[in-house]
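Reviewing the structure listed below.
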Amino acid sequence: MGPNGQDITPYIGYSCFPLLLIFPAALYVPVFNYLVSLAVVFAVIFLAVNKMNVLLTVGLIGSFGVLLLIHGFMPWVMSFWAMTTVPAAVFGKTMNIGMTPRKAFFISAIIATIFSLLFFLVIREPLYESIDAMSGWIGTMLGTLDTSESLRADLADNFKNMFEITKRLSPAFMVLNGIGLLFVGWLILKIMMDMLHKFHPGMGSFIYWKMPQVYIYITGLFILMRLVGPEVLQAMADNVLLFLGFFYAVFGFAVMEYYLKKIRLSLFLKVLFYIGIVFLQLPGLLLAALIGIFDSYFDFRKVRARIIG
């Protein structure tokens with residue numbers, strides 16, 4: 027609400043409209059394009075949730091028209107535009123018809139995954155060329171270091187392996203980026219709606235977030251594929267396991283937060299605990315993922331009973 031109790035939702039909706047139009051013009055500007063993409067995701071969800079269908083439709087058509095005027099039928103631009111706008115529109119529309127944010131997000135995340143993979147396929151070759159060029163440049167720089175030859179060789183091998191892993195797992199990174207945009211856009215919407223004193227359902231308390239049990243069997247299947255499958259299936263399994271592992275880690279942190287609240291740990295000690303997890307780096311994330319995996323099966327917090335009850 028405005029200072030005089032006036033509903034300012036329409037004004038926010040009108041301010042979302044130009045964001046859609048300038049979006050295609052910002053695609054070539056590093057960092058700024060990501061911020062604009064995030065703002066566009068919020069704008070699309072906001073317009074859809076608040077039933078501003080005319081503004082949303084005209085804005086999306088106008089945005090695509092501006093895209094064609096500036097970039098023409100450039101595949102990577104069109105696929106990135108779709109990856110940003112389509113899942114957000116579906117997310118907003120499904121919530122608009124009464125679907126809970128969790129279910130709406132799940133459906134929209136599937137669509138975001140499809141468009142993210144399409145975007146990856148379009149940019150795969152230039153992306154790999156850029157990674158190889160960066161790897162070559164790093165190798166050249168390491169060759170100029172004033173140190174022993176064996177150390178230079180070890181550093182070069184480590185960086186080469188890092189870039190190869192990046193190339194191998196780039197589909198999963200791309201999908202996580204698309205889903206992350208969608209979630210952060212919704213989170214901004216939730217904060218905005220709360221500030222406007224307008225009801226908008228959330229996704230439940232974070233301490234009760236839980237991975238469905240069925241994903242344990244899916245994870246087991248891809249672990250088996252990773253162990254005994256051919257190289258192509260191993261690469262696919264690596265990406266799926268990274269994708270699932272990320273969400274298991276998130277839900278693992280939810281379990282940690284639940285028990286930290288339960289023992290009423292002070293804020294200072296809680297901060298120290300999470301700083302320790304950060305310093306553990308990869309082992310810390312693996313620990314969180316393992317907690318998430320075990321919790322999805324054993325249900326330590328009795329989340330299923332809470333849902334049934």
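Going by this note's numbering, the final residue of the sequence shown carries number 335, and the count climbs one at a time with no gaps. Don't be surprised by glycine CBs; every beta carbon is placed ideally from N, CA and C. None of these values were measured; they are calculated from a predicted model.
Take every Cβ of the stretch 250 to 266, pair it with every Cβ of the stretch 283 to 301, and state whether three or more of those distances are shorter than 8 Å.
no
C-alpha gap between K236 and A314, whole angstroms:
13 Å
Thinking C-beta only, is P101 closer than 8 Å to L143?
no
Pop quiz: S63 and T110 are said to be a contact at Cβ under 8 Å. What is the actual Cβ separation, rounded to whole angstroms?
5 Å
Compare the beta carbon distance of T126 and P227 with 8 Å and say whether it is the shorter of the two.
yes
Residue environment, N187, which counts as buried when at least 16 other CB atoms sit within 10 Å:
exposed
Leaving out the 5 sequence neighbours to the left and right, which residues in its chain are closer than 8 Å to G335 when beta-carbon positions are compared?
Note that G335 scores 42 on pLDDT, short of 50, meaning its location in the model is unreliable; the coordinates nonetheless yield the value given after this. Result list for G335: empty, nothing under 8 Å.
Could you give the first and the last residue of the continuous alpha helix (DSSP H) run that contains N76?
Where N76 is concerned, there is no enclosing alpha helix (DSSP H), given that its DSSP letter is neither H nor E.
Check whether the stretch 261 to 270 and the stretch 195 to 209 touch, using three or more Cβ-Cβ pairs below 8 Å as the test.
yes
Collapsed DSSP secondary structure at T110 in the structure displayed
helix
Can V6 and G118 be called in contact, C-beta distance under 8 Å?
There is no way to answer for residue 6, as the model of the chain reaches only from 27 to 335.
Rounded separation between R150 and F141 - CA only
14 Å
Close beta carbons around L286, own chain, < 8 Å, minus the five adjacent residues each side:
K296, F299
Distance, V304 Cα to S231 Cα:
23 Å
Please report the straight-line C-alpha distance between K224 and T35, rounded to a whole angstrom.
9 Å
Helix, strand or coil: how does DSSP classify P227 here?
coil
How about the stretch 120 to 138 and the stretch 200 to 213: do they share at least three Cβ pairs that are nearer than 8 Å?
yes
Where G85 sits in the DSSP three-state scheme
helix
Cα-Cα separation between L82 and Y37, rounded to whole angstroms:
14 Å
As assigned by DSSP and simplified to three states, the class of W235
coil
Using a Cβ-Cβ cutoff of less than 7 Å, which residues in the same chain neighbour I233 once the five nearest sequence positions on both sides are dropped?
A280, E283, Y284, K287
Assign F209 to one of three DSSP states: helix, strand, or coil.
helix
Is there a C-beta anywhere in chain B that falls below 8 Å from the one on F189?
The structure shown has no chain B; it contains just one protein chain.
Sort I319, T120, V57, L213 by Cα distance to G278 and report the nearest one.
I319
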